[in-house]
Amino acid sequence: MLSKANVAVVATALASVMTTAHGWWDNGHMLVGEVASQLMTDEDRRTIETVLDHWEEDFPNTNTIATTAIWPDLVKCNKISVFCPSLSTPSINIMEKWHYVNLPMNVDGTEYKGLKNDDLQLFNYSLGGEAMGILDSSLVTMNTTKSLWAANLILRNFIHVFGDLHQPLHTIGGITDAMPKGDAGGNAWKFRTPCNFANLHALWDSAGGDLVNYWSNDTSAMKPALAKNATELIASISGTEDTFPVPKQYNNGPYDKFIGEVVQGKFFQWVVLDSYAQARETYSELNLKQDDNGLVECPSEEYLSHVKKTCRQRIAIGGQRLAVYLTQFARQLRALGLAMKIAVAAVAACVAAASLPTVQGWWDNAHMLVGKVASELMAKEDVAIIESVLHKWDADFPNTGTIATAAIWPDLVKCNEYSTICRSKQVPSLAVMEKWHFVNLPVSTDGSDWKGKEADVTLFKETLGGEAIDVLEKSMSTMNSTKSAWAANLVLRNFIHVFGDLHQPLHVVGAVSAKTPAGDMGGNFWKFPRSCPAKNLHALWDAAGGAYSQNNWDEETDFGTLLAPNATELVSLLPSLDDSVNYDQYKALPYGKFMDAMVKNNTLKAVVIDSHQNAQYNVYPTLDLTIGADKTVACPDATYFTWASQIAKSRIALAGSRLSVILTQFAQQLRVQGLAQ
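In terms of our numbering, the sequence shown opens at residue 4 and continues consecutively.
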């Protein structure tokens, strides 16, 4: 264990390198996993760890329930250090918001809006964080997935995030007059020296300095102590009644009933409220009066003793609860045929339409055309470098190893049943990345400027939802430092797709009207009669006005040949198109300056504003949005469909042209980072 002096050094360094919210430090996370592991049967533990072992080559020593618990923090590391020893420095921050949920809490001890600690209404006022959605979505994924890749991603994040939510400061945003949007889970309260901790969040992450050992590529020396500590923690809660028990009565029942019990019983919410109550109690014992430098008094030894005791209880109960979920997951993995090194799962094709979330972007043909246009405009050697990384996932996702076919991957992984429009035999069933596909900026349906002001980047302050820009900007940072082929693969697949999405006008707006005061979900609200060629406004534009409604992706077709004629046509349009953003001017910049242009100078956001203007002027004004008795609006006429197809073609061409510049930069970075093959 590190000395107290070293704790201070580590805490300070950690705050400077990693993003603010990262949960228990490694020892605490691994203990949650080890407690769960000891409470499971050997068969169930082996089932879980067989799946985890599938990623051992990319992430060594993260293939046990205990060691995989640190994975979501590990992949955020962007430099090698004592607490980030991963040689691949994945540098992935696009999943950062999955680690927490910040419920509002008055630091002065009064109830927020008069709500008690156990009032579920607190979730209506959340200050941020996606943890609840991730856990709920994970349960659904494990109901149908036949993809080892999807199961692996879910297990690693579920184990970690579930542990995070037992750290009290991962569930609150402390509110004061000076911090009306919360204190970032205690990160805002920085301590005066001498103090062994950088801030309040770091104090709790390390369990008051009690748990500061870090994961490494060889944790064999830690295993005996980890096992011993877990056994002691289990003994410490033996016979203690859990205030918010998980549904153990369904341990031997069908998985779907287990899901229903968890969701309807709001068990994840109760876990958070349990931690929330602990947080309220701990704040009341602190002196948070800031000095002229914004620093507060270091907590007393008595407070630290309280933190240590509380954290050990939270870790023990977190592991006990986690064991129940992992037991269910293990049985489901066996039922789905994933309890082997290589999944062998035959799936019968069904003719019913796949049950996809409402937002999915351009349909397959249009997405692949964005990628194909980009490929046609890039140097062959740069295309080869990008595709050498993409091909590394061929075993898990066949026929997604080119820039064109990788473009459909983020929609493909959402498929939860096999159909003519979802032809993945693995039915990954992953919806945890759903919010990455869009950003909904408010727009008026009559063509007028929102609040009387022409749209610009300040409109992002009024966003109605969606994480697309956050994902793209963080992806730029990942490609600046990652030495992990896995991380580069994830970023490339999502960037190619999401960047294309943001050229579809209805992926960047939420139309606000009397009928849709919170936005129209990118046009999904406006449904057309059955006789209409499109089921709703969003679908009309996803199909490019009918121009690209066919050619759904599958695992066998050579799409390079199939897409070539349309891609050539789209490339020929480029000289006639007015590109107000002009990505070509950044093509030859060094990557650092290129990243600044994209992020600091808002060039990525400029794409969204460009699409927003298309939605404002071209999508809505000519539509009749009067809702009839059948709850539909009038189907647009043929002229509108033709107009939509012309605009969509120009958007796809511009998307491919702009994407080619970014992928050329990414290819150069892959060379620099030693990932080019």
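C-beta atoms are modelled at their ideal positions from N, C-alpha and C, and glycine is treated no differently.
Under the three-state reduction of DSSP, Lys193 is assigned to strand. Listed in chain order, the alpha helix (DSSP H) runs fully inside the segment 554-620 are 562-576, 594-601, 606-617, counting runs of at least 4 residues. When DSSP states are grouped into helix, strand and coil, Ile68 belongs to the helix group. The segment 99-153 contains, as complete beta strand (DSSP E) runs of 3+ residues, the segments 106-109 (chain order). Annotation: the continuous beta strand (DSSP E) that includes Ser447 extends over 444-447. Within the segment 404-439, the complete alpha helix (DSSP H) segments of 4 residues or longer fall at 406-409, 412-415, listed in chain order.
Here DSSP, grouped into helix, strand and coil, assigns Ser648 to helix. Assignment of beta-bridge partners to Ile175 by DSSP yields Leu106.
Restricting attention to Cys80, Glu99, Leu433, the CA atom closest to the CA of Thr92 is found in Cys80. Counting only the Cα atoms, Asp139 lies some 12 angstroms from Glu264. One Cα belongs to Gly563, the other to Ala409, and the distance between them is close to 12 angstroms. Judged by their CB atoms, Leu509 and Ala369 are not nearer to each other than the 8 angstroms cut-off.
Assigned with DSSP and collapsed to three states, Lys383 falls in helix. As for any beta strand (DSSP E) of minimum length 3 sitting wholly inside the segment 481-536, the runs are 512-515, ordered along the chain. Excluding sequence positions up to five before and after Ile630, its CB lies within less than 8 angstroms of the CB of Lys518, Val636, all in the same chain and listed in chain order.
Glu52 and Leu336 have their alpha carbons spaced roughly 11 angstroms apart. Rounded to whole angstroms, Gly189 and Asn202 show a C-alpha spacing of 7 angstroms. Spatial neighbours of Lys608 in its own chain (CB-CB distance under 7 angstroms, excluding positions within 5 residues in sequence) are listed in chain order as Val460, Phe463, Ile472. In the same chain as Glu59, and ignoring 5 residues on each side of it, the C-beta atoms closer than 7 angstroms to its own belong to Asn66, in chain order.
Cβ contact annotation for Asp613 (same chain, cutoff 7 angstroms, sequence separation greater than five): Ser583, Val584, in chain order. DSSP lists no beta-bridge partner residue for Ser94. DSSP, read as helix, strand or coil, puts Ser239 in helix.
Beta-bridge partners assigned by DSSP to Leu298: Lys193. CA-CA distance, Gly176 to Asp208, rounds to 16 angstroms. Per DSSP, reduced to three states, the secondary structure at Ser278 is helical. Excluding five sequence positions before and after Ser219, the CB atoms of its chain that fall closer than 6 angstroms to its own CB belong to Pro88, given in chain order. Annotation: the continuous alpha helix (DSSP H) that includes Thr50 extends over 45-55. Taking 8 angstroms as the upper bound for CB-CB distance, Ala670 and Ile388 are in contact here, some 4 angstroms apart. Out of Val392, Asn569, Asp523, the CA that lies nearest to the CA of Lys486 is found in Val392.
For Gly263, the enclosing alpha helix (DSSP H) starts and ends at 258-267.
The DSSP-derived three-state label of Ser84 is strand. Cys314: member of the alpha helix (DSSP H) spanning 304-338, first to last residue. Assignment of Asn290 by DSSP, reduced to helix, strand and coil, places it in the coil class.
Residue state for Asn232 is assigned as helix, using DSSP reduced to three classes. Here the segment 310-319 lies against the segment 26-36, with 3 or more beta-carbon pairs under 8 angstroms apart.
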